[in-house]
Amino acid sequence: MSTVDKRYVARTPAPFGSESENQLSPPTPIPFNVESKDQPLASTSALSGQKSKDQPLAPVFPQPNQETANTTSLPHQRQSEVRAGSHSAFIARQGLGTRAVHGGNDVDAETRAIRRPITMANSYELPFDSTRLNWSAASGMVYTRNGGANQLWLEEKIAALEGAESCVVLASGVAAIAAVLLTFLRTGDHLVVSDNSYIATYRLAEELLPEKFGITSTLVDSRDLVAVRQALRPNTRLILIETPANPTLKISDIAGCARIAQGAGVLLAVDSTFASPYNQRPLELGADLSLQSLTKYINGHGDALGGAVSGSTDLIAKIKAEAMVNLGGAISPFNAWLIQRGSVTLALRMRQHNESGLRIAQWLKGRKEVSFVAYPGLSDSINHTVASQQMPGGFGGMLAFGLAANAERCNYFVSRLQLITNAVSLGHDESLIAYIGPNDERQHLYPPEFQAGFFRLSIGLEDAGDLLSDLTQALAASF
Ligand SMILES: Cc1ncc(COP(=O)(O)O)c(C=O)c1O
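Add 627 to the 1-based position in the sequence shown for my numbering, that's all there is to it.
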């Protein structure tokens, strides 16, 4: 006969409605917004109207202290009621790490959860008189493509991080770039754009805009301010620079480009994705618009796409009305929530990316197999002086390097890495590497040392020592 120790047998709860002596009837749902002073929540038994056999349990929430309550005239307001109205402005004045934690978050008005929820809704209740509504407006919540709860909360945070009056978040970084180009350019206009920039920027500027909309562009090495000025034409409306540039890590002088743009009466937009607002804030340097692929450092976890444009209220309102409402580049509420969550640790993560990025760039410089390293934090980099002036937080975790080897050996080297993943994208928690071969269609736009093929490496949050060991063993296996 087997004897079972009853202490270790899981007790199956009796179903609601059974007559067991200790069985509680189903708890009454707790109504939201019940004031605890009126209706203290004592215990499940209290909620169900039953008393424990022995004695009443202590209340879950303490009762108001009668003595204090009777002898003071101080207002009994919750913290969120005291903060109401001015909290986001207060958060926007804090340090960047604090803005990353608190920006766009607040006590949820309905449940009092201290995290705002995901609102997966396509539509919002209409007012009594909807005949007065502008169905294409990007203000007020009518339809999620016109603005939704998670979108607005994320915009509040990104604006706080960028030091901006306003922000629009969109479905991807490319949606943000396209939004700027399509909102501020029309047929016959001209665009000046960095010659090294993300591939979709290049395609938009060089192919889609001229072929479909009659908007011309000039690619320019935007490190060279004389070249930027000379590229301007009477019909130029926008200068779009990317710094640090993908994939070459070229650094363009944002303040210098802003002076040129202001002098010519054109807008300056800066794709600052490689830096994140922790390392660089273009609006503080005179740019009109700062662009971010939220997919990268701001989310940081490699699990959602998003993009943002930050700037003045007027400029952002135009982008919202045209690119979000009418071209439809709205972000999903779920992605907005994921990015809001990921971005909480931005400052902490960027400090690690900056530290490991510099350490690994310096290490690669000392390897005989390595033909070149591009990283703006290296003191002998031609980009270092300008980067030091405009990237006060650090130089990021992105670097490019070459190996003294042909494409086959370079691919073999990647296949031998055990920790660093062979994939595109950047700014994730895990390190990512991609090999761009000598036959890449844009090689002629890159500095000569890149043209034999190179690696783009996004340094993640792993221990730097482990990443160095991984690179060491893959180099040893390949040479
Ligand atoms: C500098 C830069 N801008 C924009 C983008 C596009 O972002 P997304 O992939 O979110 O559209 C990328 C993507 O790698 C990028 O590197």
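Every residue gets a Cβ at the ideal spot worked out from N, C-alpha and C, and that includes glycine. The structure presented is a predicted model; accordingly, all values stated were derived computationally and were not measured.
Any non-hydrogen atom of ligand 1 within 7 angstroms of Ser-1058 CB: Along the sequence shown, read from residue 1 onward, the residue named residue 1058 stands at position 431. It does not: the Cβ of Ser-1058 is nowhere closer than 7 angstroms to a heavy atom of ligand 1.
Selected residue, minimal CA-CA separation from Pro-960, among Thr-738, Lys-992, Ser-1008 and Asn-773: Mapped onto the sequence shown, residue 960 falls at position 333. The residue with the shortest Cα to Cα distance from Pro-960 is Asn-773.
Inter-residue Cα distance where the pair is Gln-851 and Ser-879: For the purposes of this step, residue 851 is identified with residue 224 of the sequence shown, where counting begins at 1. For the purposes of this step, residue 879 is identified with residue 252 of the sequence shown, where counting begins at 1. Looking at the sequence itself, residue 851 is Asp, so the reference to Gln does not match. Approximately 8 angstroms, taken between the alpha carbons.
Straight-line Cα distance separating Gln-989 from Phe-1028: If you number the sequence shown from 1, residue 1028 lands on position 401. If you number the sequence shown from 1, residue 989 lands on position 362. Whole-angstrom Cα-Cα distance: 11 angstroms.
Limits of the alpha helix (DSSP H) - the one that Phe-999 falls within: Here residue 999 refers to the residue found at position 372 when the sequence shown is read from its first residue. Counting along the chain, Phe-999 falls outside any alpha helix (DSSP H), though it belongs to the beta strand (DSSP E) covering 997-1001.
Cβ-Cβ distance between Lys-910 and Gly-1020 below 8 angstroms: Mapped onto the sequence shown, residue 910 falls at position 283. Mapped onto the sequence shown, residue 1020 falls at position 393. It should be noted that the sequence gives Leu, not Lys, for residue 910. No; because the gap between Cβ atoms is not below 8 angstroms, this pair is not in contact.
For Leu-1102, three-class secondary structure by DSSP: For the purposes of this step, residue 1102 is taken as the residue at position 475 of the sequence shown. Leu-1102 falls in the helix class under three-state DSSP.
Distance CB(Asp-822)-CB(Ile-842) smaller than 8 angstroms: Within the sequence shown, numbered from 1, the residue matching residue 822 stands at position 195. Within the sequence shown, numbered from 1, the residue matching residue 842 stands at position 215. No; because the gap between Cβ atoms is not below 8 angstroms, this pair is not in contact.
Residue from Ser-763, Val-853 and Leu-1053 with nearest C-alpha to Leu-954: Start at 1 with the first residue of the sequence shown, and residue 954 comes out as number 327. Here the closest residue by C-alpha is Ser-763.
Residues that Thr-863 bridges to, as DSSP identifies them: Locating residue 863 in the sequence shown gives position 236, counting from the first residue. Beta-bridge pairing links Thr-863 to His-817.
With 16 other Cβ atoms within 10 Å as the buried cut-off, status of Ile-741: For this step, residue 741 is matched to residue 114 along the sequence shown. Answer is exposed; the Cβ neighbour count stays below 16.
Chain B contact for Gly-993 (CB, 8 angstroms cutoff): Checking the listed chains, one finds no chain B in this structure; it contains a single protein chain.
Cβ-Cβ distance between Ile-1060 and Leu-1046 below 8 angstroms: Here residue 1060 corresponds to residue number 433 of the sequence shown, with the count starting at 1. Here residue 1046 corresponds to residue number 419 of the sequence shown, with the count starting at 1. Taking 8 angstroms as the Cβ cut-off, Ile-1060 and Leu-1046 do not qualify as a contacting pair.
Between the CA atoms of Gly-1087 and Ser-1058 - distance to the nearest angstrom: Taking the sequence shown and counting its residues from 1, the one referred to as residue 1058 is at position 431. Taking the sequence shown and counting its residues from 1, the one referred to as residue 1087 is at position 460. Whole-angstrom Cα-Cα distance: 4 angstroms.
Uninterrupted alpha helix (DSSP H) stretches inside the stretch 767-801 (no shorter than 4 residues): 776-789
Touching by the beta-carbon criterion (3+ pairs, under 8 angstroms), the stretch 751-763 and the stretch 793-809: no
Nearest residue (CA-CA) to Thr-940, options His-729, Asp-733, Arg-726 and Ser-766: By one-based count along the sequence shown, residue 940 stands at place 313. The residue with the shortest Cα to Cα distance from Thr-940 is Ser-766.
Short Cβ contact (8 angstroms threshold) for Gln-967 with Asn-777: Here residue 967 refers to the residue found at position 340 of the sequence shown. Here residue 777 refers to the residue found at position 150 of the sequence shown. Yes, they are a contact pair.
Burial state of Gly-892, where buried means 16 or more other Cβ atoms lie within 10 Å: Along the sequence shown, one-based indexing puts residue 892 at 265. So Gly-892 counts as exposed.
Run of the alpha helix (DSSP H) containing Met-977, from where it starts to where it stops: Taking the sequence shown and counting its residues from 1, the one referred to as residue 977 is at position 350. From DSSP, the alpha helix (DSSP H) with Met-977 extends over 973-992.
Asn-953 Cβ short of 7 angstroms to ligand 1 heavy atom set: Stepping through the sequence shown from its first residue, residue 953 is reached at position 326. No, ligand 1 has no heavy atom inside 7 angstroms of this Cβ.
Phe-1106 to Glu-1076 span [Cα, whole Å]: By 1-based counting over the sequence shown, the position of residue 1106 is 479. By 1-based counting over the sequence shown, the position of residue 1076 is 449. So the two alpha carbons sit approximately 20 angstroms from each other.
Asn-1033, buried or exposed, once every other Cβ within 10 Å from all chains shown has been counted against 16: As a working note, residue 1033 is residue 406 in the sequence shown. Result: exposed.
Asn-873: CB within 7 angstroms of a non-hydrogen atom of ligand 1: Position 246 of the sequence shown holds residue 873. Relative to the non-hydrogen atoms of ligand 1, the Cβ of Asn-873 comes within a distance shorter than 7 angstroms of at least one.
Proximity to Lys-947 [Cα-Cα], best of Thr-771, Cys-884 and Leu-836: Here residue 947 refers to the residue found at position 320 of the sequence shown. Nearest C-alpha to Lys-947: Thr-771.
One or two residues paired with Val-897 in a DSSP bridge: As a working mapping, residue 897 is identified with position 270 in the sequence shown. Its beta-bridge partners are Ile-868 and Ser-917.
Enclosing beta strand (DSSP E) for Ser-750 [first to last residue]: Here residue 750 is taken as the residue at index 123 of the sequence shown, counted from 1. Counting along the chain, Ser-750 falls outside any beta strand (DSSP E), and DSSP gives it neither H nor E.
DSSP state of Ser-1085 mapped onto helix, strand, coil: Start at 1 with the first residue of the sequence shown, and residue 1085 comes out as number 458. Strand at Ser-1085.
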